[in-house]
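Participant: Residue numbers (the working numbering): 54 to 342.
The beta-carbon is built from N, C-alpha and C at its ideal position, and this holds for glycine as well.
As the structure is a computational prediction, the values presented were derived from the model and not from experiment.
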C-alpha cells in the first residue's frame with residue numbers, strides 16, 4: 054500500500070478560474086482533499102457561468118466548491134514589462150482606462166440599438182479591488198491551521214492579474230491563519246520579469262510530481278463537452294510539476310540566484326481577435342475587451 058505524502062494531508066487546491074485547477078495542478082488534482090474555484094460568471098460571455106456549473110456538477114472529484122465570484126475581465130490590464138504589485142494584486146496601466154471608455158460606448162450603443170452587446174457592470178479596476186475583499190472573506194471560513202494549500206504563484210503563471218490577486222489574498226490569510234502555502238511552477242516570457250523577483254539565495258525545498266495525464270485528459274474533455282474549455286485544444290501536458298513553499302507576506306524581493314524548476318512555455322499575446330477565439334495559450338474566458 055502506498056503511503057500518502059505528508060504534503061497531501063489536509064490538502065486543498067485553490068484556483069482562480071474553472072480549469073485552472075487542472076492546468077496548473079493536475080499532478081495533485083485527483084488526490085487533493087478539496088478543490089476550491091474562485092470565479093464563475095463572466096460578463097463578456099453570459100453563458101459561460103452556466104456551462105461551468107454543469108462541469109462542476111459532473112466533476113470527477115468528491116469535493117469541488119466554487120465561490121461564485123464574478124470575473125472582472127482584468128487580463129492584460131497590468132504592465133507586464135514593469136509589473137507593480139500592490140495590495141490588491143497588481144497595479145493597472147492605461148489599458149484598463151481604455152476598456153472603461155469602451156464600456157461607456159457599448160452602453161450607449163445598447164441604448165440606441167438594443168443589440169445586447171455584453172458590457173462590464175462597472176469599472177475594471179473597481180471590480181478588481183472589490184474582488185480582493187470578496188475572495189478573502191469567502192475563503193477565510195474554509196481555511197484552517199495546518200492545511201497544505203496549493204495555489205497560483207505570485208507572477209500568475211502566464212501573467213494573469215486574477216491569479217496574482219488570488220495569491221495575494223492567500224498570502225495575507227496565511228499570516229492570519231497559519232496554513233502551509235505552496236505555489237505552482239508555471240511561467241511564460243510575459244510573466245518572467247515578475248517571477249525573477251522571487252529568486253532565492255539558495256534553492257529552497259520543492260516537490261516534483263509526475264503529471265496525471267490520463268486524469269487531466271478526462272477533466273479537460275468534460276470542459277470541452279460543455280463548451281467552456283478556455284485553453285488551447287492542442288495543449289500538451291508537461292511531464293511533471295513542481296510546487297514550492299510560497300514567500301511570506303511582506304518578504305522583500307532581492308537579487309537572488311535560484312528558483313525552483315519552471316514549466317516555461319510561450320503564449321500568443323496582444324493580437325487582435327474575438328474574445329473567445331481559439332488561439333494557443335490564450336486565456337480566452339478571462340479577457341474582456
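For residue 226, is the classification buried or exposed, using 16 other Cβ atoms within 10 angstroms of its Cβ as the cut-off for buried?
Facilitator: Here the question's residue 226 lines up with position 173 in the chain shown. Result: buried.
Participant: Roughly how many angstroms lie between the CA atoms of residue 276 and residue 135, to the nearest whole one?
Facilitator: Along the chain shown, one-based indexing puts residue 276 at 223. Along the chain shown, one-based indexing puts residue 135 at 82. If you take the alpha carbons of residue 276 and residue 135, they lie about 34 Å apart.
Participant: Roughly how many whole angstroms lie between the Cα atoms of residue 193 and residue 229?
Facilitator: Translated into the one-based positions of the chain shown, residue 193 becomes position 140. Translated into the one-based positions of the chain shown, residue 229 becomes position 176. If I take the Cα positions, the gap works out to 9 Å.
Participant: Note down, one range per segment and in chain order, each beta strand (DSSP E) of at least 3 residues found wholly within the region 159-205.
Facilitator: Counting only runs of 3 or more, we get 201-204.
Participant: For the region 214-273, which segments carrying the alpha helix (DSSP H) assignment without a break, of at least 4 residues, lie completely within its bounds, in sequence order?
Facilitator: Listed in chain order, they are 214-230 and 245-248.
Participant: If you reduce the DSSP assignment to three classes, tell me which class residue 61 lands in.
Facilitator: Sequence index remark: in the chain shown, residue 61 carries index 8 (1-based). Helix, per DSSP.
Participant: Could you give the residue range of the beta strand (DSSP E) that holds residue 89?
Facilitator: Position 36 of the chain shown, counted from the first residue, corresponds to residue 89. Where residue 89 is concerned, the enclosing beta strand (DSSP E) stretches over 87-95.
Participant: Quick check on residue 309: buried or exposed, where buried means 16 or more other Cβ atoms within 10 Å of its Cβ?
Facilitator: By one-based count along the chain shown, residue 309 stands at place 256. The predicted position of residue 309 is uncertain, since its pLDDT is 45 and thus under 50; a value taken from the coordinates is nonetheless stated next. By the neighbour-count rule (16 or more Cβ atoms within 10 Å), residue 309 is not buried but exposed.
Participant: Rounding to the nearest angstrom, what Cα-Cα distance links residue 237 and residue 109 in this structure?
Facilitator: For the purposes of this step, residue 237 is identified with residue 184 of the chain shown, where counting begins at 1. For the purposes of this step, residue 109 is identified with residue 56 of the chain shown, where counting begins at 1. So the alpha carbons of these two residues sit roughly 22 Å apart.
Participant: Expressed to the nearest angstrom, what Euclidean distance is found between the alpha-carbon atoms of residue 102 and residue 119?
Facilitator: Here residue 102 refers to the residue found at position 49 when the chain shown is read from its first residue. Here residue 119 refers to the residue found at position 66 when the chain shown is read from its first residue. Looking at the two C-alpha atoms, the distance is approximately 11 Å.
Participant: In or out: residue 271 buried (at least 16 other Cβ within 10 Å) or exposed?
Facilitator: To locate residue 271, count along the chain shown from 1; it is residue 218. Per the 10 Å Cβ criterion, exposed.
Participant: Taking only the alpha-carbon atoms, compute the straight-line gap between residue 207 and residue 63 and give it to the nearest angstrom.
Facilitator: Here residue 207 refers to the residue found at position 154 of the chain shown. Here residue 63 refers to the residue found at position 10 of the chain shown. Going from the Cα of residue 207 to the Cα of residue 63 covers about 23 Å.
Participant: Do the CB positions of residue 393 and residue 93 come within less than 8 Å of each other?
Facilitator: Outside the shown range of the chain, which is 54 to 342, sits residue 393, and nothing can be said about it.
Participant: Please classify residue 73 as buried or exposed, where buried requires at least 16 other C-beta atoms within 10 Å of its C-beta.
Facilitator: The sequence position of residue 73 within the chain shown is 20, counting from 1. Buried: at least 16 other Cβ atoms inside 10 Å.
Participant: Could you give the DSSP three-state label for residue 139: helix, strand or coil?
Facilitator: Mapped onto the chain shown, residue 139 falls at position 86. Here residue 139 sits in strand by DSSP.
Participant: Excluding sequence positions up to five away, which residues of its chain have a Cβ less than 7 Å from the Cβ of residue 132?
Facilitator: Counting from 1 along the chain shown, the entry for residue 132 is found at position 79. Taken in chain order, the residues that qualify are 146.
Participant: I'd like the list of long-range same chain contacts for residue 99, defined as Cβ closer than 7 Å, with 5 residues on each side in sequence excluded.
Facilitator: Indexing the chain shown from 1 puts residue 99 at position 46. For residue 99, where only same-chain residues beyond five positions count, the Cβ hits under 7 Å are 171.
Participant: With a threshold of 16 other CB atoms inside 10 Å of the CB of residue 166, please say whether the residue is buried or exposed.
Facilitator: Locating residue 166 in the chain shown gives position 113, counting from the first residue. Exposed.
Participant: Please state whether the Cβ-Cβ distance between residue 259 and residue 296 is less than 8 Å.
Facilitator: For the purposes of this step, residue 259 is taken as the residue at position 206 of the chain shown. For the purposes of this step, residue 296 is taken as the residue at position 243 of the chain shown. Yes; because the gap between Cβ atoms is below 8 Å, this pair is in contact.
Participant: Count the other CB atoms, across all protein chains shown, that sit within 10 Å of the CB of residue 300; report buried if there are 16 or more and exposed otherwise.
Facilitator: Translated into the one-based positions of the chain shown, residue 300 becomes position 247. Its Cβ being crowded by 16 or more others within 10 Å, residue 300 is buried.
Participant: Just confirm the distance between the C-beta atoms of residue 66 and residue 85, as a whole number of angstroms; I'd bet it's less than 8 Å.
Facilitator: Reading the chain shown from its first residue, position 13 is the one you call residue 66. Reading the chain shown from its first residue, position 32 is the one you call residue 85. Their Cβ separation, rounded to whole angstroms, is 5 Å, which keeps residue 66 and residue 85 in contact under 8 Å.
Participant: Does residue 69 pass the burial test, meaning 16 or more other C-beta atoms within 10 Å, or should it be called exposed?
Facilitator: Translated into the one-based positions of the chain shown, residue 69 becomes position 16. Classification of residue 69: buried, given that the 10 Å Cβ count is 16 or more.
Participant: Buried or exposed: where does residue 151 fall if 16 or more other Cβ atoms within 10 Å of its Cβ makes it buried?
Facilitator: Working through the chain shown from its first residue, we reach residue 151 at position 98. Classification for residue 151: exposed.
Participant: Among the residues of its own chain, which have a CB less than 8 Å from the CB of residue 211, if the five just before and after it don't count?
Facilitator: Stepping through the chain shown from its first residue, residue 211 is reached at position 158. Hits under 8 Å: 239, 240, 241, 243, 244, 318, 320, 334 and 336.
Participant: Out of curiosity, what's the CA-to-CA distance linking residue 263 and residue 139?
Facilitator: Along the chain shown, one-based indexing puts residue 263 at 210. Along the chain shown, one-based indexing puts residue 139 at 86. Distance between the alpha carbons of residue 263 and residue 139 is about 34 Å.
Participant: Over what stretch of residues does the beta strand (DSSP E) that includes residue 117 continue unbroken?
Facilitator: The residue given as residue 117 occupies position 64 in the chain shown. It spans 117-124 - the beta strand (DSSP E) in which residue 117 sits, taken as one unbroken run.
Participant: Is residue 317 helix, strand or coil when you go by DSSP?
Facilitator: Stepping through the chain shown from its first residue, residue 317 is reached at position 264. Residue 317: strand per DSSP, three-state reduction.
Participant: Who are the Cβ neighbours of residue 324 in its own chain at under 6 Å, not counting the five residues just before and after it?
Facilitator: As a working mapping, residue 324 is identified with position 271 in the chain shown. Confidence at residue 324 is low in this model, with a pLDDT of 40, below 50, so the placement of that residue should be treated as unreliable; the coordinate-derived value is given next. Cβ within range, chain order: n/a, list empty.
Participant: Mind checking residue 288: buried by the 16 CB within 10 Å criterion, or exposed?
Facilitator: Indexing the chain shown from 1 puts residue 288 at position 235. Classification for residue 288: exposed.
Participant: What are the boundary residues of the beta strand (DSSP E) that residue 294 is part of?
Facilitator: If you number the chain shown from 1, residue 294 lands on position 241. Start and end: 293-298.
Participant: Is the separation between the beta-carbon of residue 60 and that of residue 201 shorter than 8 Å?
Facilitator: In the chain shown, the residue the question calls residue 60 occupies position 7. In the chain shown, the residue the question calls residue 201 occupies position 148. Contact: yes.
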